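Okay, so the sequence shown: first residue is 616 according to the numbering used here, each after it adds one. From the three backbone atoms N, C-alpha and C, an ideal C-beta is built for every residue, glycine too. As the structure is a prediction and not an experimental result, all values here were calculated from the model. The block underneath contains the structure these notes are about, expressed in C-alpha coordinates.
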Amino acid sequence: MNTLREGKSDFIISFRDEDLMQSPFCGLKVFESELYPVCAADAQGKALFDIYQSQAPILNYTSTSYMGRLVNRHLAEVGGISARTLFMSSMSELLKNMALDGHGIAWLPAWTIVNELREKRLVCQQTPELMVPIQAYIYRMDTRLNKTAEHFWRILYNHMPEDLVSLS
616 MNTLREGKSD
626 FIISFRDEDL
636 MQSPFCGLKV
646 FESELYPVCA
656 ADAQGKALFD
666 IYQSQAPILN
676 YTSTSYMGRL
686 VNRHLAEVGG
696 ISARTLFMSS
706 MSELLKNMAL
716 DGHGIAWLPA
726 WTIVNELREK
736 RLVCQQTPEL
746 MVPIQAYIYR
756 MDTRLNKTAE
766 HFWRILYNHM
776 PEDLVSLS
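Dropping the structure here:
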(Lines of atoms letter the chains of each structure in order from A; the text may use other names.)
(Lines give C-alpha, C1' and ligand atoms only; values in the text may rest on other atoms or scores of the structure.)
Protein backbone atom coordinates (compact mmCIF):
# COMPACT_ATOMS: atom_id res chain seq x y z
CA MET A 616 0.00 0.00 0.00
CA ASN A 617 2.74 2.40 0.92
CA THR A 618 4.45 1.95 -2.45
CA LEU A 619 1.26 3.15 -4.14
CA ARG A 620 0.71 6.03 -1.70
CA GLU A 621 4.30 7.20 -1.96
CA GLY A 622 4.30 6.98 -5.76
CA LYS A 623 7.03 4.31 -5.80
CA SER A 624 4.82 2.14 -8.00
CA ASP A 625 1.79 2.80 -10.16
CA PHE A 626 0.25 -0.65 -9.65
CA ILE A 627 0.43 -3.64 -7.36
CA ILE A 628 -1.04 -7.08 -7.93
CA SER A 629 -2.28 -8.76 -4.79
CA PHE A 630 -4.93 -11.06 -3.46
CA ARG A 631 -8.07 -9.19 -2.46
CA ASP A 632 -7.29 -6.74 0.33
CA GLU A 633 -10.12 -4.88 2.05
CA ASP A 634 -7.86 -1.89 2.74
CA LEU A 635 -7.09 -1.59 -0.97
CA MET A 636 -10.77 -1.89 -1.92
CA GLN A 637 -11.46 1.60 -0.52
CA SER A 638 -10.50 5.13 -1.48
CA PRO A 639 -7.87 6.37 -2.25
CA PHE A 640 -7.34 3.09 -4.14
CA CYS A 641 -9.21 1.32 -6.89
CA GLY A 642 -8.79 -2.18 -8.16
CA LEU A 643 -9.57 -4.36 -11.12
CA LYS A 644 -10.15 -8.06 -10.55
CA VAL A 645 -7.71 -10.03 -12.70
CA PHE A 646 -8.20 -13.53 -11.37
CA GLU A 647 -10.62 -15.65 -9.41
CA SER A 648 -10.55 -19.26 -8.36
CA GLU A 649 -11.23 -21.40 -5.32
CA LEU A 650 -9.35 -23.18 -2.59
CA TYR A 651 -10.50 -26.80 -2.55
CA PRO A 652 -10.48 -28.98 0.57
CA VAL A 653 -8.56 -32.07 -0.53
CA CYS A 654 -6.84 -35.09 0.93
CA ALA A 655 -5.13 -38.23 -0.33
CA ALA A 656 -7.20 -41.10 -1.68
CA ASP A 657 -7.26 -44.71 -0.49
CA ALA A 658 -6.77 -47.70 -2.82
CA GLN A 659 -10.42 -47.44 -3.93
CA GLY A 660 -10.08 -43.75 -4.77
CA LYS A 661 -12.08 -42.58 -1.75
CA ALA A 662 -10.98 -39.71 0.49
CA LEU A 663 -8.84 -40.84 3.43
CA PHE A 664 -10.53 -38.29 5.68
CA ASP A 665 -13.97 -36.77 6.12
CA ILE A 666 -13.96 -33.14 7.24
CA TYR A 667 -17.02 -33.76 9.41
CA GLN A 668 -15.38 -36.71 11.16
CA SER A 669 -14.51 -35.86 14.76
CA GLN A 670 -10.90 -34.70 15.05
CA ALA A 671 -10.22 -34.94 11.29
CA PRO A 672 -6.63 -33.79 10.71
CA ILE A 673 -6.34 -30.37 9.07
CA LEU A 674 -3.26 -29.12 7.25
CA ASN A 675 -3.80 -25.40 7.50
CA TYR A 676 -2.12 -22.18 6.51
CA THR A 677 -0.61 -20.06 9.25
CA SER A 678 -3.16 -17.70 10.78
CA THR A 679 -1.09 -14.67 9.74
CA SER A 680 -1.07 -15.63 6.05
CA TYR A 681 -3.68 -14.43 3.59
CA MET A 682 -4.82 -17.98 2.79
CA GLY A 683 -4.95 -18.84 6.49
CA ARG A 684 -7.22 -15.90 7.25
CA LEU A 685 -9.48 -16.86 4.32
CA VAL A 686 -9.76 -20.53 5.31
CA ASN A 687 -10.20 -19.85 9.03
CA ARG A 688 -12.90 -17.24 8.43
CA HIS A 689 -14.70 -19.55 6.01
CA LEU A 690 -14.60 -22.53 8.40
CA ALA A 691 -15.99 -20.36 11.20
CA GLU A 692 -18.85 -19.27 8.93
CA VAL A 693 -19.64 -22.85 7.85
CA GLY A 694 -19.50 -24.20 11.42
CA GLY A 695 -20.04 -27.78 12.56
CA ILE A 696 -16.44 -28.84 12.03
CA SER A 697 -14.57 -30.35 14.97
CA ALA A 698 -11.33 -31.01 13.12
CA ARG A 699 -7.90 -30.52 14.65
CA THR A 700 -5.00 -28.68 13.09
CA LEU A 701 -2.19 -31.17 12.62
CA PHE A 702 0.25 -29.01 10.68
CA MET A 703 0.58 -25.36 9.62
CA SER A 704 2.53 -23.63 6.88
CA SER A 705 2.22 -20.48 4.81
CA MET A 706 3.24 -22.41 1.68
CA SER A 707 0.60 -24.15 -0.45
CA GLU A 708 3.14 -26.51 -1.99
CA LEU A 709 4.21 -27.84 1.41
CA LEU A 710 0.58 -28.35 2.44
CA LYS A 711 -0.04 -30.14 -0.86
CA ASN A 712 2.87 -32.51 -0.23
CA MET A 713 1.60 -33.23 3.28
CA ALA A 714 -1.88 -33.96 1.88
CA LEU A 715 -0.42 -36.22 -0.83
CA ASP A 716 1.47 -38.11 1.89
CA GLY A 717 -1.85 -38.80 3.64
CA HIS A 718 -1.44 -36.53 6.67
CA GLY A 719 -4.75 -34.67 6.45
CA ILE A 720 -7.07 -32.28 4.64
CA ALA A 721 -5.67 -29.11 3.07
CA TRP A 722 -7.34 -26.20 1.27
CA LEU A 723 -5.36 -25.80 -1.92
CA PRO A 724 -5.67 -23.43 -4.88
CA ALA A 725 -7.36 -25.10 -7.85
CA TRP A 726 -4.49 -24.20 -10.17
CA THR A 727 -2.01 -26.18 -8.04
CA ILE A 728 -3.91 -29.48 -7.91
CA VAL A 729 -5.33 -30.05 -11.41
CA ASN A 730 -3.06 -33.02 -12.19
CA GLU A 731 -3.38 -34.58 -8.73
CA LEU A 732 -7.19 -34.47 -8.94
CA ARG A 733 -7.18 -35.88 -12.48
CA GLU A 734 -4.83 -38.69 -11.42
CA LYS A 735 -6.96 -39.25 -8.30
CA ARG A 736 -3.96 -38.83 -6.01
CA LEU A 737 -5.97 -36.11 -4.26
CA VAL A 738 -9.71 -36.20 -3.68
CA CYS A 739 -11.91 -33.18 -3.05
CA GLN A 740 -14.19 -33.26 -0.03
CA GLN A 741 -17.68 -33.57 -1.52
CA THR A 742 -18.99 -30.51 0.27
CA PRO A 743 -19.26 -27.47 -2.04
CA GLU A 744 -19.84 -25.06 0.86
CA LEU A 745 -16.29 -25.79 2.05
CA MET A 746 -14.71 -24.38 -1.11
CA VAL A 747 -13.20 -20.97 -0.43
CA PRO A 748 -13.37 -18.30 -3.16
CA ILE A 749 -10.16 -16.41 -3.85
CA GLN A 750 -9.50 -13.36 -6.03
CA ALA A 751 -6.53 -11.30 -7.13
CA TYR A 752 -6.67 -7.65 -8.13
CA ILE A 753 -4.44 -5.10 -9.72
CA TYR A 754 -4.64 -1.97 -7.57
CA ARG A 755 -3.77 1.66 -8.20
CA MET A 756 -4.41 5.06 -6.67
CA ASP A 757 -7.76 6.55 -7.72
CA THR A 758 -5.99 9.74 -8.84
CA ARG A 759 -4.77 10.27 -12.38
CA LEU A 760 -1.52 8.47 -13.20
CA ASN A 761 1.08 9.26 -15.85
CA LYS A 762 0.08 8.79 -19.49
CA THR A 763 1.70 5.36 -19.89
CA ALA A 764 0.17 4.00 -16.69
CA GLU A 765 -3.29 5.31 -17.63
CA HIS A 766 -2.95 3.72 -21.08
CA PHE A 767 -1.99 0.39 -19.49
CA TRP A 768 -4.99 0.61 -17.12
CA ARG A 769 -7.37 1.28 -20.02
CA ILE A 770 -6.00 -1.70 -21.95
CA LEU A 771 -6.50 -3.95 -18.94
CA TYR A 772 -9.99 -2.67 -18.32
CA ASN A 773 -11.07 -2.94 -21.95
CA HIS A 774 -9.70 -6.47 -22.42
CA MET A 775 -10.86 -7.94 -19.13
CA PRO A 776 -13.65 -10.56 -19.41
CA GLU A 777 -16.93 -9.03 -18.21
CA ASP A 778 -17.26 -11.47 -15.33
CA LEU A 779 -13.93 -10.24 -13.93
CA VAL A 780 -14.47 -6.50 -14.31
CA SER A 781 -15.04 -5.26 -10.79
CA LEU A 782 -13.78 -1.76 -10.17
CA SER A 783 -13.74 -0.62 -6.58
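Annotation: the continuous alpha helix (DSSP H) that includes I770 extends over 762 to 774.
Where R631 is concerned, there is no enclosing beta strand (DSSP E), because DSSP gives it neither an H nor an E. A contact is defined here as three or more CB-CB pairs under 8 Å, and the stretch 647 to 659 fails this definition with respect to the stretch 758 to 767.
Minimum Cα-Cα distance from L690 among the listed residues R759, P652, M713 corresponds to P652. The C-alpha of F702 is placed about 12 Å away from the C-alpha of W722. The C-beta distance from I749 to E633 rounds to 14 Å, too long to fall under 8 Å, and the pair is not in contact.
Every alpha helix (DSSP H) stretch that sits fully inside the stretch 675 to 728 and reaches 4 residues is listed by chain position as 681 to 693, 707 to 715.
Excluding sequence positions up to five before and after D757, its CB lies within less than 7 Å of the CB of S638, P639, F640, C641, all in the same chain and listed in chain order. Under the Cβ criterion (8 Å, minimum of three pairs), the stretch 712 to 729 counts as touching the stretch 671 to 690.
Here I696 has I666, Y667, L690 as same chain residues with Cβ atoms under 7 Å from its own Cβ, once five neighbours each way along the sequence are excluded.
For R620, the uninterrupted alpha helix (DSSP H) run begins and ends at 617 to 620, by DSSP.
A distance below 6 Å between beta-carbons, with the five flanking residues on each side excluded, links E734 to no residue of its chain. Of the candidates S705, L745, L771, the residue whose Cα lies closest to the Cα of G694 is L745.
Cβ-Cβ distances below 6 Å link R699 to Q670 in the same chain, with the five nearest sequence neighbours on each side left out; the list follows chain order.
Looking at K644, N761, F630, K711, the one whose alpha-carbon comes closest to that of K623 is N761.
For N687, same chain residues with a beta-carbon under 7 Å away, outside a window of 5 residues either side, are S678 in chain order.
If you draw a 10 Å sphere on the C-beta of R755, you find 16 or more other C-beta atoms in it, and that means buried.
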